[in-house]
Amino acid sequence: MAQGKLKVKSKLPSNNKTKKPKGTANTKRANAPSVPKKQRTQQAHKLKQIITKTVNKTAEDEIRSRAGRSNLNLTQAQQAVAKHNMKRNSEGTGS
Numbered sequence: 001m002a003q004g005k006l007k008v009k010s011k012l013p014s015n016n017k018t019k020k021p022k023g024t025a026n027t028k029r030a031n032a033p034s035v036p037k038k039q040r041t042q043q044a045h046k047l048k049q050i051i052t053k054t055v056n057k058t059a060e061d062e063i064r065s066r067a068g069r070s071n072l073n074l075t076q077a078q079q080a081v082a083k084h085n086m087k088r089n090s091e092g093t094g095s
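The UniProt record's numbering puts the sequence shown at residues 1 to 95.
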C-alpha cells in the first residue's frame, strides 16, 4: 500500500507574467562569403593527398634511378635465379 501523502499539483499565481519567446540567436548576412566547414576540410584533405602522391612519386622515381645506376655484383646462384625469372616472365607474357 502507498504510504505518505499524495502530491498535489501547484498552480501558478494569477498575477504571474507569461514569458515571451526569444528571437533567432544569430543573424547572418545573406552575402557572407564563408565556405562551409565540410567543404574546407574536404579541400584541405584533397590538397594533402595530392602533395603526398607527388612526394611519393618523386621519391620512387629517384629510388628507381639510383637502383638502375648501381652496379651490383651478383653471385652465380643469384644470376641463375634472375635469369630463370626473366625467362619465366617472358614466357608468361607471350600467351
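Backbone N, C-alpha and C define an ideal beta-carbon position, used for all residues, glycine too.
Residue 68 sits in a helix when the DSSP states are folded into three classes.
Secondary structure at residue 3: coil, using DSSP grouped into helix, strand and coil. In this model, residue 74 and residue 62 are separated by some 23 Å (Cα to Cα). When the Cα atoms are used, residue 48 and residue 56 turn out to be separated by approximately 12 Å.
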